[in-house]
Amino acid sequence: MFNIFLGTLLGTTRPDRVGAFGRVKAYYGVVEAQARGSLHIHLLIWLEGALSPLDIQTKCQENPAFRAQMFAWLESIIKHDFPQGVFVLGRPPNPANDTFHNEWPQYLRDVLDASGQEHTHNDTCFKKLKVAMSRLSTQDRDELCRFNLPAELVEATYMDDDGATKILRLNRLMSGYNPIVTGAMQCNTDIKFVGSGWVGMALSVYMSSYTAKACMDSAVILCALAAAVEDAEKRNDTVTDRDESSRLILRRTLNIMVGRRELSAQQVAAELLGHGNHHTNARFAKFYWSGMLSYV
Numbered sequence: 000m001f002n003i004f005l006g007t008l009l010g011t012t013r014p015d016r017v018g019a020f021g022r023v024k025a026y027y028g029v030v031e032a033q034a035r036g037s038l039h040i041h042l043l044i045w046l047e048g049a050l051s052p053l054d055i056q057t058k059c060q061e062n063p064a065f066r067a068q069m070f071a072w073l074e075s076i077i078k079h080d081f082p083q084g085v086f087v088l089g090r091p092p093n094p095a096n097d098t099f100h101n102e103w104p105q106y107l108r109d110v111l112d113a114s115g116q117e118h119t120h121n122d123t124c125f126k127k128l129k130v131a132m133s134r135l136s137t138q139d140r141d142e143l144c145r146f147n148l149p150a151e152l153v154e155a156t157y158m159d160d161d162g163a164t165k166i167l168r169l170n171r172l173m174s175g176y177n178p179i180v181t182g183a184m185q186c187n188t189d190i191k192f193v194g195s196g197w198v199g200m201a202l203s204v205y206m207s208s209y210t211a212k213a214c215m216d217s218a219v220i221l222c223a224l225a226a227a228v229e230d231a232e233k234r235n236d237t238v239t240d241r242d243e244s245s246r247l248i249l250r251r252t253l254n255i256m257v258g259r260r261e262l263s264a265q266q267v268a269a270e271l272l273g274h275g276n277h278h279t280n281a282r283f284a285k286f287y288w289s290g291m292l293s294y295v
């Protein structure tokens, strides 16, 4: 499914290489599994011919025509509200019908409803707080939601004094989505425009952290450590060097952790099919850290 998304919707395998956002120059995505096992991806996209964030800010401030075109393009690829003139529960349109373009907004509305694109607070919003959601007032829930929703209404796209672009938003609870991607994939998305170098670096660090993110609870890790120490005592190892003894315990701890790691069926299937935990069209040189340490 993701390969279809890359090839067709992002245009990486199309003859003209034009996708829902334009021509994609590079992409890097990290796959993550939620607690229930479902897989999703955090994806950064670089567009061909795109200006740097600083150049975009400068041209938007100095050239009104460029600013109008830039804002119109952003509003066409990132939406934060339902299509106009639609209602709940329609039928999927047939692209071959002459009435497809008239039926498409209603179908898109149905997908947005079914996929939960419009945010509603739940326990996940407050999982880092020490207080239960049921004890929070409506105002507290809006202020403390870790997804920063509801967001501020934006009646027209503009660039603030700090150079940050605020895209049209008529629904405070709607995450960013692209109509073509959402309609085709029928899933929840959260699309953002990276219009600042700081935001780009923050997202890069955020996504990179998922590559080495621990997938086990602290309780499992501590249990593994306790089991390794107990095993070492039972073995009555004759190792007298403290450093070597610590290395043995650490190795056993890691082995036990790997053995006790819980994996969902989706993760196992993805690994067996060779899909990996990340997707990119870039090439990276392999770096062997152990060899570096030996050399030093």
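Numbering that gives the first Met the number 0 puts the first residue of the sequence shown at 0, with every later residue one more than the last. Glycine included, each C-beta is placed from N, C-alpha and C at the ideal position.
Find out if the Cβ-Cβ distance for the pair residue i, residue j is shorter than 7 Å.
i: A183; j: L9; result: no
i: V29; j: H277; result: yes
i: D230; j: R246; result: no
i: A71; j: A281; result: no
i: L172; j: L148; result: yes
i: F192; j: L73; result: yes
i: H79; j: N170; result: yes
Roughly how many angstroms lie between the CA atoms of residue i and residue j, to the nearest whole one?
i: K127; j: R140; result: 13 Å
i: N96; j: V17; result: 24 Å
i: A150; j: F99; result: 32 Å
i: G84; j: L224; result: 59 Å
i: N2; j: Y27; result: 13 Å
i: M0; j: P94; result: 20 Å
i: G199; j: R241; result: 44 Å
i: S293; j: F283; result: 22 Å
i: R134; j: S244; result: 49 Å
i: F286; j: S203; result: 20 Å
i: A155; j: E142; result: 24 Å
i: L272; j: C144; result: 37 Å
i: L249; j: L43; result: 35 Å
i: K233; j: A269; result: 39 Å
i: K58; j: D159; result: 14 Å
i: A226; j: P104; result: 58 Å
i: G196; j: F65; result: 20 Å
Within its chain, find whatever has a CB closer than 7 Å to the CB of residue i; leave out the 5 residues flanking it on each side and keep chain order.
i: Q185; result: V110, S114
i: F146; result: H118, C124
i: I190; result: I77, G175, Y176, N177
i: V228; result: I248
Within 10 Å of its beta-carbon, does residue i have 16 or more other beta-carbons around it, so buried, or fewer, so exposed?
i: G194; result: buried
i: Q56; result: buried
i: Q60; result: exposed
i: T137; result: exposed
i: Q266; result: buried
i: M291; result: exposed
i: F81; result: buried
Who are the Cβ neighbours of residue i in its own chain at under 8 Å, not counting the five residues just before and after it?
i: M132; result: H120, N121, D122, C124, F125, R140
i: T181; result: L107, V110, L111, S114, Q116, T188
i: W45; result: V23, K24, A25, Y26
i: R13; result: G6, T7
i: L152; result: R168, L169, R171
i: I179; result: L8, A19
i: S289; result: none
i: Y157; result: F70, T164, K165
Skipping 5 residues on each side, what residues in its chain have a beta carbon closer than 6 Å to that of residue i?
i: E102; result: P92
i: L5; result: T11
i: G162; result: Q56
Using a Cβ-based criterion (distance less than 6 Å to any ligand heavy atom), does residue i qualify as near the ligand ADP?
i: L73; result: Among the components modelled here there is no ligand, and therefore nothing to report on the ligand ADP.
Determine, using beta carbons only, whether residue i comes closer than 7 Å to chain B.
i: Y157; result: Note that chain B does not occur in the displayed structure, where there is just one protein chain.
Given 8 Å, three or more beta-carbon pairs between the segment 17–28 and the segment 38–54: yes
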